[in-house]
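Participant: A single structure is presented below for examination.
2 protein chains.
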Amino acid sequence: MNTKVSLKQIERYPVYLNVLLSLRNSCINKVNSRLLADALGVSEEQVRKDLQIVSPHSSKPGCPRDVDTLINHLKEYLGYNQINKAILVGVGHLGSALLSFKGFDDYGLDIVAGFDIDPSITGESIEGKPIYSIFNLDNKIKELGVEVAIVTTPKDVTQEIVNKLINSGIKAIWNFVPIHLEHPDNIVVENMDLARSLAVFFHRINKK
Amino acid sequence: MNTKVSLKQIERYPVYLNVLLSLRNSCINKVNSRLLADALGVSEEQVRKDLQIVSPHSSKPGCPRDVDTLINHLKEYLGYNQINKAILVGVGHLGSALLSFKGFDDYGLDIVAGFDIDPSITGESIEGKPIYSIFNLDNKIKELGVEVAIVTTPKDVTQEIVNKLINSGIKAIWNFVPIHLEHPDNIVVENMDLARSLAVFFHRINKK
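For the record, the sequence lines run as chains A and B.
Using my numbering, the first residue of the first sequence is number -19, and each one after it goes up by one.
Using my numbering, the first residue of the second sequence is number -19, and each one after it goes up by one.
Here it is in structure tokens:
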């Protein structure tokens, strides 16, 4: 993967993909930079730069691009065609929602199991995904051969659980808990932070 | 609110707040720019610029800042001390999780009701929040006097529901559905997009 691409660009690629998928649903086969620029709120120049990275040979200057080709190149670039196995820790309301969410397949994520401390749900399953006891975390991580974990635990135990995950071989954490996590530099932690999204939302409301 | 602040800055403020809250939990009362810079992965210069906006008179050059003062100023700036009323449309797995989430109070968001089409859940309530029929959307929005809506519906009906929300007086939409929404320019739409966060996450994993 090209490492010169910026995080802002990476964040835009799924948005391009959504726009292109809705064009395809409307039976539109060709798209120009102007339409994509308007849809994403960026310049045409930016659209050309962005798409040059994921789909370098798919357009001639001045010609519209093929929607299907762009969709395939974006999916490939975003890794949606390969599958990353993950476990989820903390099967409360949000954890259950994520375990049940059928859309992750499309994004190359396969949640293979949940973990919780509550004995009334361990041994059960959600949408075919087993829920194991948190006390078996270490064994199960090794048995399942996963390196990615999604964390949706209560705040006060999150850091302790993250330390255990890392000790058991987890290399990347998608964190849904709104706290600041300490972790070694070689571990990838991506925060999915409702508070950050809300802060931007309220700021934009207040500007109006 | 100062409009010269960038969206990147706005997104950082809840992260500062989390770091400061965890310092306070550890009984640490003073903090310098170096620690905050390390925690957020930005330069000390950037920390000073960021905090100058929300808390302009809280530090002397070279002196550490007071943690409590910064927490209060950040909460005030982010609007966490006022309450924004909102409705939620689509009480499936994710919608239920958001209705049940107790942390929104801390962020100044109060979800006052849910809406769904399923007659087996309308008339019920989740954590004291009533679930109304989607067919009463227009009346209830006017009755409740809300201008903010959270959308967690199935993909194929989202645009139609968003159109209805806007016609009923909703001015701002926090969208959890991974589709591209059409809307008038005067409506604020903030996308809380799992796909975008996942794209960044996988990109960072693949770089390692």
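Note that CB positions come from ideal geometry on N, CA and C, so glycine has one too.
Note that the structure is a prediction, hence the values are computed from the model and not measured.
1) Please report how far the alpha carbon of A/Phe84 lies from the alpha carbon of B/Ser2, in whole angstroms.
2) Measure the alpha-carbon distance for B/Ala17 versus B/Asn61 and round it to whole angstroms.
3) I'd like to know if B/Val(-1) contacts chain A, where contact means its C-beta is closer than 7 Å to some C-beta of that chain.
4) When the Cα atoms are used, what is the spatial distance from B/Val126 to A/Thr102?
5) State the Cα-Cα distance for the pair B/Ile153 and B/Val128, rounded to the nearest angstrom.
6) Have a look at A/Arg(-8) and B/Val157 and give me their C-alpha separation to the nearest angstrom.
7) For A/Thr132 and A/Leu78, I'd like the C-alpha separation in whole angstroms.
8) When we look at the beta-carbon of B/Arg45 and count the other beta-carbons within 10 Å, is it buried (16 or more) or exposed?
9) I want to verify the contact list: residues of chain B whose CB lies under 8 Å from the CB of A/Asp173, in sequence order.
10) What would DSSP say about A/Met(-19), mapped onto helix, strand or coil?
11) Determine, using beta carbons only, whether B/Phe156 comes closer than 7 Å to chain A.
12) Check the Cβ of B/Ser177 against every Cβ in chain A and list those closer than 7 Å, keeping chain order.
13) Tell me the DSSP secondary structure of A/Val(-5) in three-state form.
14) Report yes or no: do the region 111 to 126 of chain A and the region 65 to 76 of chain A share at least 3 C-beta pairs separated by less than 8 Å?
15) Alpha carbon to alpha carbon, how far is A/Lys144 from B/His73? Give it in angstroms, no decimals.
16) Nearest to B/Ile8 by alpha carbon, out of B/Arg176, B/Asp48 and B/Val137?
17) Can you give me the C-alpha to C-alpha distance between B/Glu56 and B/Pro(-6), rounded to a whole angstrom?
18) Is the CB of B/Gln(-11) under 7 Å away from at least one CB in chain A?
19) Using a C-beta cutoff of 7 Å, does B/Gly149 count as contacting chain A?
Facilitator: With the given structure in hand:
1) Going from the Cα of A/Phe84 to the Cα of B/Ser2 covers about 32 Å.
2) Approximately 26 Å between the Cα atoms of the pair.
3) So yes, B/Val(-1) belongs to the interface.
4) In a straight line, the C-alpha of B/Val126 is about 40 Å away from that of A/Thr102.
5) So the two alpha carbons sit approximately 6 Å from each other.
6) Straight-line Cα distance between these residues: approximately 16 Å.
7) Rounded to the nearest angstrom, the two C-alpha atoms are 9 Å apart.
8) Classification of B/Arg45: buried, given that the 10 Å Cβ count is 16 or more.
9) Under the 8 Å cutoff, chain B gives Pro(-6) and Val(-5).
10) Legend: pLDDT at A/Met(-19) = 44, less than 50; position of this residue unreliable, value from coordinates given subsequently. A/Met(-19) falls in the coil class under three-state DSSP.
11) No, B/Phe156 lies away from the interface with chain A (no Cβ there is under 7 Å from its Cβ).
12) What B/Ser177 touches in chain A: Glu170 and Met172.
13) Helix at A/Val(-5).
14) In short, these stretches touch, since the Cβ pair count reaches three.
15) Going by C-alpha positions, B/His73 is about 28 Å away from A/Lys144.
16) With distances taken between Cα atoms, B/Ile8 lies closest to B/Asp48.
17) In a straight line, the C-alpha of B/Glu56 is about 12 Å away from that of B/Pro(-6).
18) False, the Cβ-Cβ gap to chain A never drops below 7 Å.
19) Not one chain A Cβ lies under 7 Å of B/Gly149.
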